[in-house]
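Just below is one structure, and these are the notes that go with it.
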Amino acid sequence: MRHHLTKERNVIIDRMSLTLAEVEHIAELARLKLTLEEKERYREQLSAILDYFGQLQNLDTADIPPTSSVLPGRSILRADEARFGLSIDEIMRNAPETENRQFRIPPVLD
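For the sequence shown, position 17 matches number 27 in this note's numbering, and the numbering has no gaps at all.
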C-alpha cells in the first residue's frame, strides 16, 4: 500500500493502492481461489474502498459530538404486552397434515 503519515493529524491518508500480492494474501486468508482477472478486479475495488476511508479521515469532525447512533434515542416498536396466542385447533387448521394434534411431516431418514 502506498500511503504517508500527515504531520498535523497523525493519520494515514493518501491513495491506498493494494498490490496484487496483498490481494492474493487476503484471498488466501479468506480461503478464496481467484482468477487473475478476479484478483485485479478486487485489487481495484478494495483500493477504491481504502481511498474512501482516506477521504473520511480528512473530514473535520472537531465540532461533532461523539455519538453511539445516528438514530433518535427512542424505540419505534410497540411496547411488549402479554397476549394469548392461537389455540391448538387454530394452528392445526393451517397444517397440511396432522396426527394426534401434532404436525405430520414426511420422514427425514428412511
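Even glycine gets a Cβ: it sits at the ideal position worked out from N, Cα and C. These numbers come from a predicted model, not from an experiment.
Identify the continuous alpha helix (DSSP H) that holds residue i and give its terminal residues.
| i | result |
| --- | --- |
| R88 | From DSSP, R88 is part of no alpha helix (DSSP H); its letter is neither H nor E. |
| L81 | That residue, L81, is in no alpha helix (DSSP H); it is neither H nor E in DSSP. |
| E32 | L30 to L39 |
| D73 | Careful: D73 lies outside any alpha helix (DSSP H) and carries neither H nor E. |
| R103 | I98 to R103 |
Please say whether residue j and residue i have beta carbons closer to each other than 8 Å?
| i | j | result |
| --- | --- | --- |
| L46 | Y52 | no |
| A105 | F94 | no |
| R26 | L60 | First, the residue type needs correcting, since residue 26 is Met and not Arg in the sequence shown. It is a contact, given that the beta carbons lie within the stated cut-off. |
| R88 | M102 | no |
| E38 | K49 | no |
Only counting the same chain, and skipping five residues up and downstream in sequence, which positions put a Cβ closer than 6 Å to that of residue i?
| i | result |
| --- | --- |
| T71 | none |
| V118 | none |
Considering only residues of the same chain and omitting the five flanking positions on each side of residue i, which have a CB-CB separation below 7 Å?
| i | result |
| --- | --- |
| E18 | In this predicted model, E18 has a pLDDT of only 47, less than 50, meaning its place in the structure is not dependable enough to derive any value. |
| T108 | M102 and R114 |
Contiguous alpha helix (DSSP H) assignments of at least 4 residues, all confined to the segment 45-71
The qualifying runs are 46-67.
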